[in-house]
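K.L.:
So that we are looking at the same thing, I have put the structure below in structure tokens.
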Amino acid sequence: MVWYSEDWTSKVAYSDYQIGRWKKSARDIQAPMALFYLNDSLLLQFRDREIAPSFFEKMKGKSDKWKEMAREDRPLKIGTWTDTKGVSYVLILLRLPYQEDFAYCIVFCPEGKLAARSKWIEFLQLTYQFLLPELLSRHNRIFSYRPYVQKFGNLSKTKLESHGHGSLVLFQLQDLTAYFRAMGVIKSQEIMREIHETIQSVTKADEISFSAGIRCFCIFCPGVNPEEATKRMEGLYFPSSRVIIDYKLKVYELKRDSFDSEAFLSFFSEIF
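What follows is the structure, given as structure tokens:
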């Protein structure tokens with residue numbers, strides 16, 4: 513169940529698909545519950561059982577301490593919690609890559625069942641996208657994927673140092689929102705899984721894939737010229753028994769000597 517706190521100010525209405533996609537990611541890290549905070553303010557809760565008020569009281573006033581300890585993409589254990597049935601959980605803090613303030617979530621995970629780091633990173637990215645409209649509404653900021661684009665750019669730059677050049681492949685999918693609303697959560701998740709699997713199937717071991725939302729997917733191919741990349745990608749078909757998925761393919765050449773991090777960020781800000 514979703515619980516909005518009194519501090520929640522956003523007018524965003526999350527669809528069943530968005531909530532379902534986040535819940536699936538939470539299940540992948542064995543997390544039945546999560547609490548979302550901005551500094552000491554509890555914004556949002558996903559939970560299926562009661563939590564005593566005393567628990568929330570203990571959480572107050574600790575954000576400054578956690579801010580010094582927490583790092584992006586690195587789960588931080590901050591304590592334990594036991595429910596009324598005697599089941600013990602580890603409390604994991606995840607810092608969101610939100611530069612304007614200290615935003616984070618506290619995840620409840622069964623002891624001894626921590627998931628792989630890649631699953632935590634995927635959960636963190638979805639959580640950030642989920643909460644970002646609320647965070648930005650507080651600061652009147654323009655919606656931005658800057659933290660993730662920055663990491664993707666840094667990884668691409670490192671590859672360029674070794675290979676000298678490469679190709680940035682961009683898949684811009686049609687807007688599937690109307691289909692997702694009609695199909696419901698389960699079928700929509702199946703379509704997104706098929707899209708991700710298709711992208712991964714054409715991503716080689718030395719290449720980097722990146723996704724933002726449900727419409728934009730990128731692959732950086734180090735050492736590959738645009739002609740080779742286009743020939744390899746232009747016939748890509750997104751198999752789905754439920755909907756025909758159309759997309760636009762764009763390929764850009766990147767070079768080590770002319771790569772500019774700020775220009776890279778500006779390019780993606782126009783896309784998103």
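Convert by adding 512 to the 1-based position in the sequence shown; the result is the number in our numbering. Built from N, CA and C at the ideal position, the CB exists for glycine as well. In this text, all values refer to a predicted model and were calculated from it rather than measured experimentally.
1) Does the pairing of the region 733-748 with the region 760-773 give three or more beta-carbon distances under 8 Å?
2) Just how far apart, CA to CA, sit ARG586 and GLN662?
3) Starting from the C-beta of ILE654, find all residues in its chain whose C-beta is less than 6 Å away, skip the five residues before and the five after it, and write them out in chain order.
4) Taking all protein chains shown into account, do 16 or more other C-beta atoms lie within 10 angstroms of the C-beta of LYS743, making it buried, or fewer, making it exposed?
5) Can you tell me whether ARG705 is buried or exposed? The criterion is at least 16 other CB atoms within 10 Å of its CB, across all chains shown.
6) With 16 other CB atoms within 10 Å as the buried threshold, where does GLY747 fall?
7) How far does the alpha helix (DSSP H) with LYS577 in it reach, from first residue to last?
8) Tell me the rounded alpha-carbon separation between LYS589 and GLN686.
9) So what does SER679 bridge to, in DSSP terms?
10) Using CA atoms only, rank isn't needed, just tell me which of ILE726, PHE683, ARG629, ILE711 is closest to GLN542.
11) Assign PRO622 to one of two classes, buried (16 or more other C-beta atoms within 10 Å of its C-beta) or exposed (fewer than that).
12) Here's the rule I'm using: 16 or more other beta-carbon atoms within 10 Å means buried, otherwise exposed. How should PRO751 be labelled?
P.N.:
On the basis of the coordinates in this document:
1) Enough Cβ pairs lie closer than 8 Å, so yes.
2) If you take the alpha carbons of ARG586 and GLN662, they lie about 17 Å apart.
3) Any reading at ILE654 must be qualified, since the residue scores a pLDDT of 36, below 50, and its modelled position is unreliable; the value itself is stated next. Once the five neighbours on either side are set aside, ILE654 has no close Cβ partner at all.
4) Exposed is the call here.
5) With fewer than 16 other Cβ atoms within 10 Å, it is exposed.
6) Here GLY747 is exposed. Its C-beta has fewer than 16 other C-beta atoms within 10 Å.
7) That run of the alpha helix (DSSP H) goes 575-581.
8) One C-alpha to the other measures close to 40 Å.
9) SER679 pairs with CYS733, GLU765.
10) With distances taken between Cα atoms, GLN542 lies closest to ARG629.
11) The residue is exposed, with fewer than 16 neighbouring Cβ atoms inside 10 Å.
12) Exposed, since its Cβ has fewer than 16 Cβ neighbours within 10 Å.
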